[in-house]
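A short write-up of the structure that comes next.
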Amino acid sequence: MMAQTKLRAVDSFVPPRGDFEILSREIYGKPLVYLDSAASAQKPRQVLQAMTAFAESEYANVHRGVHYLSATATERYEGAREAVRRFLNAAQTDEIVFTKGGTEAINLVAASFLAPLIQPGDEIVLTVMEHHSNIVPWHFLRERQGAVLKWVDVRDDGSLDIEAFDAAIGPKTKLVAVAHMSNVLGTVAPLKEIVTRAHAKGVPVLADGCQGAVHETADVQDLDIDFYAITGHKLYGPTGIGALYGKRAHLKTMRPFNGGGEMIREVTQDLVTYADPPARFEAGTPPIIESVGLAAAIDYMAGFDRAAVKAHEASLLAAAREAVRPLNWLRVVGDAPGKGAILSFETEGMHAHDVATILDREGVAVRAGHHCAQPLMERFGTASTTRASFALYNTHADVEALVAALHKARKILG
Amino acid sequence: MMAQTKLRAVDSFVPPRGDFEILSREIYGKPLVYLDSAASAQKPRQVLQAMTAFAESEYANVHRGVHYLSATATERYEGAREAVRRFLNAAQTDEIVFTKGGTEAINLVAASFLAPLIQPGDEIVLTVMEHHSNIVPWHFLRERQGAVLKWVDVRDDGSLDIEAFDAAIGPKTKLVAVAHMSNVLGTVAPLKEIVTRAHAKGVPVLADGCQGAVHETADVQDLDIDFYAITGHKLYGPTGIGALYGKRAHLKTMRPFNGGGEMIREVTQDLVTYADPPARFEAGTPPIIESVGLAAAIDYMAGFDRAAVKAHEASLLAAAREAVRPLNWLRVVGDAPGKGAILSFETEGMHAHDVATILDREGVAVRAGHHCAQPLMERFGTASTTRASFALYNTHADVEALVAALHKARKILG
Amino acid sequence: MDDSLRELYQEVILDHSRHPRHFGPLEAATHEGEGHNPLCGDRVKIYLVVDDAGRIADIKFEGKGCAISQASASLMTDMIAGRTVAEAEKLMDGFLHMVKGEDAMDLVGDDRERLDIMAGVSAFPMRVKCATLAWHTMKSALEHGMAAKTT
Amino acid sequence: MDDSLRELYQEVILDHSRHPRHFGPLEAATHEGEGHNPLCGDRVKIYLVVDDAGRIADIKFEGKGCAISQASASLMTDMIAGRTVAEAEKLMDGFLHMVKGEDAMDLVGDDRERLDIMAGVSAFPMRVKCATLAWHTMKSALEHGMAAKTT
Ligand SMILES: Cc1ncc(COP(=O)(O)O)c(C=O)c1O
Ligand SMILES: Cc1ncc(COP(=O)(O)O)c(C=O)c1O
Chain A
0 MMAQTKLRAV DSFVPPRGDF EILSREIYGK PLVYLDSAAS AQKPRQVLQA MTAFAESEYA
60 NVHRGVHYLS ATATERYEGA REAVRRFLNA AQTDEIVFTK GGTEAINLVA ASFLAPLIQP
120 GDEIVLTVME HHSNIVPWHF LRERQGAVLK WVDVRDDGSL DIEAFDAAIG PKTKLVAVAH
180 MSNVLGTVAP LKEIVTRAHA KGVPVLADGC QGAVHETADV QDLDIDFYAI TGHKLYGPTG
240 IGALYGKRAH LKTMRPFNGG GEMIREVTQD LVTYADPPAR FEAGTPPIIE SVGLAAAIDY
300 MAGFDRAAVK AHEASLLAAA REAVRPLNWL RVVGDAPGKG AILSFETEGM HAHDVATILD
360 REGVAVRAGH HCAQPLMERF GTASTTRASF ALYNTHADVE ALVAALHKAR KILG
Chain B
0 MMAQTKLRAV DSFVPPRGDF EILSREIYGK PLVYLDSAAS AQKPRQVLQA MTAFAESEYA
60 NVHRGVHYLS ATATERYEGA REAVRRFLNA AQTDEIVFTK GGTEAINLVA ASFLAPLIQP
120 GDEIVLTVME HHSNIVPWHF LRERQGAVLK WVDVRDDGSL DIEAFDAAIG PKTKLVAVAH
180 MSNVLGTVAP LKEIVTRAHA KGVPVLADGC QGAVHETADV QDLDIDFYAI TGHKLYGPTG
240 IGALYGKRAH LKTMRPFNGG GEMIREVTQD LVTYADPPAR FEAGTPPIIE SVGLAAAIDY
300 MAGFDRAAVK AHEASLLAAA REAVRPLNWL RVVGDAPGKG AILSFETEGM HAHDVATILD
360 REGVAVRAGH HCAQPLMERF GTASTTRASF ALYNTHADVE ALVAALHKAR KILG
Chain C
0 MDDSLRELYQ EVILDHSRHP RHFGPLEAAT HEGEGHNPLC GDRVKIYLVV DDAGRIADIK
60 FEGKGCAISQ ASASLMTDMI AGRTVAEAEK LMDGFLHMVK GEDAMDLVGD DRERLDIMAG
120 VSAFPMRVKC ATLAWHTMKS ALEHGMAAKT T
Chain D
0 MDDSLRELYQ EVILDHSRHP RHFGPLEAAT HEGEGHNPLC GDRVKIYLVV DDAGRIADIK
60 FEGKGCAISQ ASASLMTDMI AGRTVAEAEK LMDGFLHMVK GEDAMDLVGD DRERLDIMAG
120 VSAFPMRVKC ATLAWHTMKS ALEHGMAAKT T
């Protein structure tokens with residue numbers, strides 16, 4: 000209790016709840032306590048308004064158009080690319096490829112970068128804390144081309160051991176693929192150190208930044224990372240859009256991903272030549288309205304002191320962690336130092352689904368299940384956990400509601 | 000002139016211009032005359048409001064969630080699937096796969112259905128009027144697996160010859176891929192007849208319905224077609240979403256497309272098993288908000304008598320066609336009987352880009368270029384055309400503005 | 000406390016989930032099925048012995064899962080043992096209607112009463128799959144015999 | 000008529016586009032380049048003869064395209080013939096600044112006056128690529144010699 004009070008005192012950030020219409024609604028007559036932002040964040044009115052305003056006054060298809068609206072829309076779309084570049088501090092705008100989400104960004108690297116390089120027996124290093132989106136694309140290369148997946152374990156507290164990484168990277172390693180931040184444990188990978196070790200052996204590194212880009216700072220130049228994937232809907236932005244950062248030198252040599260309009264230089268009956276990056280990887284009409292929403296979301300986040308947001312989220316996590324510490328029927332999964340604001344736990348004799356159902360009737364939205372991280376569940380000897388995840392709009396009252404609802408669940412099920 | 004007057008008289012449809020905020024704006028001080036709907040349609044307020052309302056009150060990530068908002072969002076998302084099923088009259092909802100657009104839908108068929116079947120020398124039959132999105136995915140199979148592309152020509156008026164189709168389909172044909180409606184010529188393919196002929200030889204048929212679904216009726220059961228691809232943004236819906244109809248028997252046997260969350264049954268360190276269709280093909284967080292927008296767009300279209308809309312568009316096309324007929328410096332490309340409301344043309348001594356630039360200053364938005372159909376340009380011995388395309392919100396005043404602006408272009412450039 | 004919650008987690012259900020009947024493997028099984036709830040990763044295995052007369056002579060289940068899925072499996076095995084395959088399938092139809100909140104007219108008498116304790120699930124659409132997992136698995140086991148083992 | 004349109008399509012430009020100077024192939028070329036405008040599919044070929052002193056002894060172009068791209072290519076070949084490679088590149092820098100509406104201070108005297116007829120392009124952002132195609136192609140030809148032929 001002492002710790003909680005102290006943490007709350009240093010947390011001066013005021014969550015901008017008024018920007019999120021949905022947060023004022025009620026669920027079964029109780030105020031919504033949204034603790035599922037790791038699955039998807041709510042969207043501030045600034046993002047929704049930017050999209051609507053754009054669609055109502057400046058919309059047309061992009062590129063190839065000579066007319067005014069097409070020019071405006073193209074400017075907005077390319078402006079969004081520049082916003083992402085700034086957000087990730089990429090050196091050049093053409094290192095940013097728009098995708099439909101984080102999953103597609105990773106698949107793009109698997110199909111266009113890695114697949115042509117893989118010989119049977121070649122290795123891909125990944126960790127047991129990866130999301131399925133950073134696992135299954137590599138399983139494809141195992142199934143189809145004989146790649147070997149090398150798994151780096153986490154310690155019992157969920158932290159990563161850089162020496163274990165180093166040991167896993169060998170002469171046959173063709174890529175290291177690691178989450179910047181785990182969506183279950185909250186563990187933040189020591190990306191810079193991983194890149195240094197991997198590059199020392201000539202191995203490129205992809206980071207799954209779907210969570211990391213939201214809660215940590217990702218400076219791709221400082222990290223010297225080869226690929227970094229983000230997804231819009233977790234960044235307080237729209238669904239249907241994500242982005243891949245790729246070093247120019249990689250993107251230039253990569254084969255196309257999907258085929259279609261915009262990604263070609265020339266098409267005849269007999270052959271086809273391809274456009275330069277990033278167009279080469281953006282076949283078809285891109286998520287135009289969504290790009291405007293993503294840029295608005297990035298702007299929105301830039302309106303806050305990110306260190307203050309991070310401290311706020313950390314204080315919520317710490318408060319929740321302290322509040323559940325005395326409960327002998329609850330086991331937290333993931334306690335790594337410096338972890339992000341995600342609290343996953345198992346409850347003795349109570350299945351995560353039952354817990355989540357009861358919490359839901361209290362207005363508390365949490366996720367229950369394997370969180371698309373089955374190998375991690377296996378690692379911790381369980382099939383599912385309950386997960387509360389915090390975002391910039393959450394409050395200490397949310398934490399209190401969570402804890403109260405947990406006690407209620409215990410009373411019903413325990 | 001007679002013909003035009005007569006056509007106008009029978010056109011009783013009143014374009015719902017008030018639903019489209021953007022249509023009341025001015026470009027360079029002139030009222031916007033938007034004749035670029037074949038590139039992308041404008042979105043009615045009903046669609047934009049549905050998306051915003053959903054994001055403001057019912058949003059969460061779909062599937063896997065136990066809590067209320069996740070249930071609501073899942074219902075809306077699966078409801079949108081049902082809306083698409085109804086729109087295409089598919090037999091079952093699980094025959095509808097959501098994609099990021101029409102291009103991805105076709106790539107999905109190429110990668111997950113056809114690629115595993117292709118042996119060197121196997122043939123894919125397509126037409127010279129295809130959009131690059133229905134060409135490049137097949138070129139991939141040529142480049143990577145030795146497939147042979149067999150091209151069916153169009154007649155000089157842009158119409159398709161069913162006998163030529165029949166002749167092109169041989170014992171090595173693995174797929175027929177054809178646009179339901181050409182985005183340049185307006186030509187409507189005799190889909191049902193094509194399917195009959197192809198099936199008689201045991202060959203499946205994919206239709207690129209990106210244009211056809213907007214202006215024609217697509218009844219996949221009546222057509223007995225194997226795959227049908229649509230894209231949201233041409234259907235008065237949002238960007239970032241499309242859908243593939245695939246016969247259940249095909250989808251069940253197809254390998255996954257992208258790998259990630261939602262598309263798996265089980266993932267371990269050593270292996271992975273996949274979910275049933277359609278989930279198998281929907282890796283990652285889908286375009287959730289966009290699905291709600293697409294459903295709203297389908298509802299919006301359903302609010303009109305589609306035959307009346309079609310007659311209206313036809314009357315606009317006929318009026319435009321008649322108005323340019325006397326111009327000896329203008330050559331229409333595509334005059335097939337029963338064609339959809341797209342008017343492409345070349346202008347003697349005036350490049351399409353210059354024409355479009357001048358039209359733009361008159362507020363008239365048309366497209367100029369190869370329209371992602373380079374083989375078709377080649378077929379008609381040109382590098383580019385100017386294209387005016389009509390939608391349900393266009394009026395005869397729009398046609399008059401187009402014609403007046405064309406005369407102006409002639410005066411400046413001719 | 001919320002009425003629908005009380006109905007969902009009533010004592011009989013919690014008791015079934017904490018002390019499942021017919022739990023464990025069945026060496027002599029003539030039919031086996033494995034079911035999987037993609038929502039949570041939960042899994043259930045159903046073992047059946049069907050005799051020559053088409054009667055379910057024995058049935059057992061194994062697996063881990065939420066209170067609803069465990070209780071449902073336990074209740075199902077309890078009720079189905081001794082019935083014919085046709086009777087079991089009819090019971091299943093009634094049950095499926097009931098948990099979806101639809102009309103379950105073919106459920107009568109004692110069957111209706113015993114299954115009624117699961118009716119509260121219909122107020123929780125996201126949990127219907129938990130309640131039906133064991134039943135679907137039983138059905139697929141009956142249809143595919145020993146082959147369903149590996150699905 | 001719109002002023003910016005009049006400036007874009009002024010008589011000199013239309014004349015260049017209808018009667019391009021230096022049009023046709025150049026057998027003796029020491030450098031060749033092929034450029035492509037992805038916006039419209041237009042294409043231009045530039046042939047250069049660069050002598051040992053680094054002077055562009057001859058230059059010609061071929062291709063089809065819009066009035067802007069044709070006029071720009073014609074004007075460019077007209078102005079560049081006889082200059083050194085370094086001078087040509089300097090001229091190009093000035094031109095690129097001009098059509099983007101940026102400061103083109105290094106364009107002076109006669110050069111500025113002649114190129115000024117293209118300045119109207121800066122009011123048409125979607126057309127800037129048309130105006131610069133020939134210039135970029137020329138530059139890439141100079142950089143890659145005969146190798147640029149195939150790009
Ligand atoms: C760590 C991580 N990686 C990847 C993803 C996939 O992102 P998306 O579903 O937006 O493609 C998620 C979220 O679902 C995630 O948490
Ligand atoms: C006939 C046709 N096919 C395919 C496409 C591609 O659709 P999208 O760009 O939405 O993926 C288009 C439009 O661009 C089209 O007109």
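Protein chains in written order, with numbering that gives the first Met the number 0: chain A, 0 to 413; chain B, 0 to 413; chain C, 0 to 150; chain D, 0 to 150. Yeah, the Cβ is synthetic: ideal placement off N, Cα and C, and Gly gets one too. All values reported here derive from a predicted model rather than from experimental measurement.
For ligand 1, any of its heavy atoms closer than 7 Å to the Cβ of residue i?
{"i": "T102 (chain A)", "result": "yes"}
{"i": "G283 (chain B)", "result": "yes"}
{"i": "A296 (chain A)", "result": "no"}
{"i": "S132 (chain A)", "result": "yes"}
{"i": "T73 (chain B)", "result": "no"}
Please report whether the beta-carbon of residue i lies at a distance below 8 Å from any beta-carbon of chain A.
{"i": "H143 (chain D)", "result": "no"}
{"i": "R409 (chain B)", "result": "no"}
{"i": "T267 (chain B)", "result": "yes"}
{"i": "I12 (chain D)", "result": "no"}
{"i": "L4 (chain C)", "result": "yes"}
Could you tell me whether the Cβ of residue i comes closer than 8 Å to any Cβ of chain B?
{"i": "H15 (chain C)", "result": "no"}
{"i": "F139 (chain A)", "result": "yes"}
{"i": "Y227 (chain A)", "result": "no"}
{"i": "V398 (chain A)", "result": "no"}
Between residue i and residue j, how many whole angstroms is the CB-CB distance? I'm expecting something under 8 Å.
{"i": "V204 (chain A)", "j": "A197 (chain A)", "result": "5 Å"}
{"i": "G62 (chain C)", "j": "A72 (chain C)", "result": "7 Å"}
{"i": "L4 (chain C)", "j": "I357 (chain A)", "result": "6 Å"}
List, in chain order, every chain C residue whose beta-carbon is nearer than 9 Å to that of residue i.
{"i": "R305 (chain A)", "result": "Per Cβ cutoff of 9 Å: no residues; R305 (chain A) is ~34 Å from chain C at best."}
Would you say residue i faces chain C, with C-beta separation under 8 Å as the test?
{"i": "G362 (chain A)", "result": "no"}
{"i": "A70 (chain B)", "result": "yes"}
{"i": "L412 (chain A)", "result": "yes"}
Give the interface partners of residue i over in chain B, defined as CB-CB distance under 7 Å, in chain order.
{"i": "D41 (chain D)", "result": "A382"}
Mapping the DSSP letters down to three states, classify residue i as helix, strand or coil.
{"i": "H352 (chain A)", "result": "helix"}
{"i": "F303 (chain A)", "result": "coil"}
{"i": "H21 (chain C)", "result": "coil"}
{"i": "M1 (chain B)", "result": "Confidence at M1 (chain B) is low in this model, with a pLDDT of 43, below 50, so the placement of that residue is unreliable and no value is reported for it."}
{"i": "A8 (chain B)", "result": "Note that A8 (chain B) has pLDDT 47, beneath the 50 cutoff, so the model's placement of it is unreliable and the number below is only indicative. Here A8 (chain B) sits in helix by DSSP."}
{"i": "S419 (chain B)", "result": "For residue 419 (chain B) there is no data in the structure shown, the boundaries of chain B being 0 and 413."}
{"i": "A335 (chain B)", "result": "coil"}
What in chain B is Cβ-close to residue i, meaning under 8 Å?
{"i": "N60 (chain A)", "result": "D35, A38, S39 and H232"}
Mind checking whether the beta-carbon of residue i lies closer than 7 Å to any heavy atom of ligand 2?
{"i": "N327 (chain A)", "result": "no"}
{"i": "R313 (chain B)", "result": "Note that residue 313 (chain B) is Ala in the sequence shown, not Arg. Because no heavy atom of ligand 2 lies under 7 Å away, the Cβ of A313 (chain B) does not count as near it: no."}
{"i": "G239 (chain B)", "result": "no"}
{"i": "A212 (chain B)", "result": "no"}
Could you work out which residues of chain A lie near residue i, taking near to mean beta carbons separated by less than 8 Å?
{"i": "D1 (chain C)", "result": "Y27 and R360"}
{"i": "S56 (chain B)", "result": "E20, I21 and R24"}
Taking CB distances under 8 Å as the criterion, tell me whether residue i reaches chain D.
{"i": "D353 (chain B)", "result": "yes"}
Give the interface partners of residue i over in chain A, defined as CB-CB distance under 7 Å, in chain order.
{"i": "F123 (chain C)", "result": "T356"}
Closer than 7 Å to a non-hydrogen atom of ligand 3 - does that hold for the CB of residue i?
{"i": "G339 (chain B)", "result": "Among the ligands present in this structure, namely ligand 1 and ligand 2, ligand 3 is not found."}
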